[in-house]
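Numbering-wise, the working numbering puts 577 at position 398 of the sequence shown, and it's gapless, one number per residue. Positions of the beta carbon are idealized from the N, C-alpha and C atoms, including for glycine. Keep in mind it's a predicted model, so treat the numbers as computed, not measured. Structure first, commentary second.
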Amino acid sequence: PGAEDSADESRDHFAELGLRTFINAAGTYTALSGSLMRDEVTSAIRYVARHYVKLDDIQDHVGERIAARLGCEAATVTAGAASALMLGIAWVLCGTDRDKVEQLPDLTGMKQEVILQKAHHVGYVHAVRNCGVKIVYVETREELVAAIGPQTAMLLFINASNFSGQVRDEEFVDIGKRHGIPCFNDCAADVPPVENLWKYTQMGFDLVTFSGGKGLRGPQSAGLLLGRKDLIEAARLHAPPGDNTVGRGMKMNKEEILGMLVALEHFLDRDHEADWQMWETQVQHISESVRSVPGVDGDSRARDRQPRTVTAYTLGPGAGEDQTSGGATSPHRWASVDRDGRWRQRDRYHDVDDEPGRGTDRCATPDTDSPRRGDEILMSVASPTFMDFQPEWSGKGATDAEYEGSRIPQEFLQS
Numbered sequence: 180p181g182a183e184d185s186a187d188e189s190r191d192h193f194a195e196l197g198l199r200t201f202i203n204a205a206g207t208y209t210a211l212s213g214s215l216m217r218d219e220v221t222s223a224i225r226y227v228a229r230h231y232v233k234l235d236d237i238q239d240h241v242g243e244r245i246a247a248r249l250g251c252e253a254a255t256v257t258a259g260a261a262s263a264l265m266l267g268i269a270w271v272l273c274g275t276d277r278d279k280v281e282q283l284p285d286l287t288g289m290k291q292e293v294i295l296q297k298a299h300h301v302g303y304v305h306a307v308r309n310c311g312v313k314i315v316y317v318e319t320r321e322e323l324v325a326a327i328g329p330q331t332a333m334l335l336f337i338n339a340s341n342f343s344g345q346v347r348d349e350e351f352v353d354i355g356k357r358h359g360i361p362c363f364n365d366c367a368a369d370v371p372p373v374e375n376l377w378k379y380t381q382m383g384f385d386l387v388t389f390s391g392g393k394g395l396r397g398p399q400s401a402g403l404l405l406g407r408k409d410l411i412e413a414a415r416l417h418a419p420p421g422d423n424t425v426g427r428g429m430k431m432n433k434e435e436i437l438g439m440l441v442a443l444e445h446f447l448d449r450d451h452e453a454d455w456q457m458w459e460t461q462v463q464h465i466s467e468s469v470r471s472v473p474g475v476d477g478d479s480r481a482r483d484r485q486p487r488t489v490t491a492y493t494l495g496p497g498a499g500e501d502q503t504s505g506g507a508t509s510p511h512r513w514a515s516v517d518r519d520g521r522w523r524q525r526d527r528y529h530d531v532d533d534e535p536g537r538g539t540d541r542c543a544t545p546d547t548d549s550p551r552r553g554d555e556i557l558m559s560v561a562s563p564t565f566m567d568f569q570p571e572w573s574g575k576g577a578t579d580a581e582y583e584g585s586r587i588p589q590e591f592l593q594s
């Protein structure tokens, strides 16, 4: 490569654009730009960006390498987990019939239903509906079995909701096998633990997807689709570089494909026990630090995927005081930052699952209409993974959680 290919590391692109970065302790949310790619991944991306290669060829070879590492029949890199959902259902509907591939989302002559438990409904299900299918919702095992019929194309399972629905993963797969219906498990954000990468294909799910830009720390625009060889090959018919397909807009270039492979290899080769110990140390430090704020109590706990900090807030003397500026705040007026990063004013606490004062991993700052420097930092450090909220006052509201209480001291932010 010539001199023109050398990166200018001294150029501050964000400053030129008027953007500011933040400390992300909320999680690998898409709106917060997912996770940060490791140096090995960005190095691979820089390497492949300087060369031409046929997209089908690199997909074939990378897919074979991924499948070998994960012990599944086949794999392909997709434009994220939502893309994998759409490509997966497209295969179920069309098989390898190229006329049907070009016909989607017109389902004339094809099966038209996907069965999903009500407790598993999430916004990402729209990726399946983009192919024109109807979602049939069920709650019990009996309803699931009764819903299976001639129009059933696929059984869809959202792994994060495994313990919310009445039909758990193994039973779900068993029902699909008994009726000859393909089962798809959306595990987008379910790494770590590392064993999830092969657990669900070995359990019997026909297709499984993972996001590339979350725990794997690959490109956020990438994902993995794993499963049966015939299904993966058929799903590829709908993906670029082919044209006249529903997946044409889900383009994966060589940079994402190789970057995803390197991210996966690096993740698999890590000392996962050491990572867990590091996370435990971090959340313990957070818990100890937040306890220095009046009215706040923090506790670190183990979790199935990673350690977490559970923080309780009680309204009382000092709880409504702005620790960074010394100003008093209204006990009932808050401006929250949702997962999409948008600020909006609140006038009361909101509940989750009808439990007063419980919150998810969203956060807020007191009495602000727009972010200030301290507020923006608080947005990122106030909710490491999940927070339980237990204020003395709470009110019914939408399922948007609130951060309540004092600001985090500056010494904690700096640490």
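Query, Result
"Residue closest to A210, alpha-carbon to alpha-carbon, out of D218, R217 and F201", "F201"
"Bridge-paired residues (DSSP) for D365", "I337 and T388"
"Beta bridge counterpart(s) of A253 as assigned by DSSP", "G406"
"C-alpha gap between P510 and P473, whole angstroms", "Its pLDDT being 33, under 50, P510 is placed unreliably by the model, and the measurement read from it follows with that caveat. Those two C-alpha atoms are separated by around 14 Å."
"D348 versus W377: straight-line alpha-carbon distance, rounded", "14 Å"
"Where the alpha helix (DSSP H) through K290 begins and ends", "That residue, K290, is in no alpha helix (DSSP H); it is neither H nor E in DSSP."
"T257 classed as buried or exposed, judged by whether at least 16 other C-beta atoms fall within 10 angstroms", "buried"
"Boundaries of the alpha helix (DSSP H) in which V370 is found, first to last residue", "Looking at the DSSP string, V370 is not in any alpha helix (DSSP H), and its letter there is neither H nor E."
"K297 beta carbon less than 7 Å from that of Y316", "yes"
"Segments of 4+ residues assigned as alpha helix (DSSP H) that fall wholly inside the region 402 to 463", "408 to 415 and 433 to 447"
"Residue environment, G328, which counts as buried when at least 16 other CB atoms sit within 10 Å", "exposed"
"Nearest-angstrom Cα separation, counted from G394 out to V304", "21 Å"
"Presumed contact (8 Å Cβ cut-off) between V146 and R320, rounded CB distance", "This structure gives no information on residue 146, because the portion of the chain shown stretches from 180 to 594."
"Assigned exposure category for L557 - 16 Cβ within 10 Å defines buried", "Reliability fails at L557, whose pLDDT of 33 lies under 50, so the model's placement of it is uncertain and the value that follows must be treated cautiously. Its Cβ being crowded by 16 or more others within 10 Å, L557 is buried."
"Buried/exposed call for K433, threshold 16 Cβ in 10 Å", "buried"
"3-residue-minimum beta strand (DSSP E) runs that sit fully inside the region 192 to 265, ordered along the chain", "253 to 257"
"Sufficient close CB pairs (3 or more, under 8 Å) joining the region 424 to 432 to the region 378 to 391", "no"
"From P398, V241 and L447, residue whose alpha carbon lies closest to that of R225", "P398"
"Residue environment, F193, which counts as buried when at least 16 other CB atoms sit within 10 Å", "exposed"
"Rounded distance between the beta-carbons of I360 and M333, thought under 8 Å", "7 Å"
"Start-to-end residues for the alpha helix (DSSP H) that takes in K393", "That residue, K393, is in no alpha helix (DSSP H); it is neither H nor E in DSSP."
"Identity of the residue in V469, R415 and L437 nearest R277 by Cα", "R415"
"Cα-Cα separation, V462 to A254", "35 Å"
"Buried or exposed by the 16-neighbour rule on C-beta atoms within 10 Å, applied to D422", "exposed"
"Outcome for D365 when other beta-carbon atoms lying within 10 angstroms are tallied against a minimum of 16", "buried"
"7 Å Cβ cutoff met for I465 and I237", "no"
"Straight-line Cα distance separating D191 from V368", "Residue 368 is actually Ala in this sequence, not Val. Approximately 31 Å between the Cα atoms of the pair."
"CB contact check: R427 to chain B, cutoff 7 Å", "No chain B is part of this structure, which consists of one protein chain only."
"Limits of the unbroken alpha helix (DSSP H) element including I354", "D348 to H358"
"Extent of the continuous beta strand (DSSP E) run through V324", "Where V324 is concerned, there is no enclosing beta strand (DSSP E), although the alpha helix (DSSP H) it sits in stretches over R320 to A326."
"Exposure of T287, with buried meaning 16 or more beta-carbon neighbours within 10 Å", "exposed"
"Whole-number beta carbon distance between R396 and L215, since they are thought to touch under 8 Å", "7 Å"
"Counterpart residues of I314 in DSSP-defined beta bridges", "V293"
"Where the alpha helix (DSSP H) containing R470 begins and where it ends", "Looking at the DSSP string, R470 is not in any alpha helix (DSSP H), and its letter there is neither H nor E."
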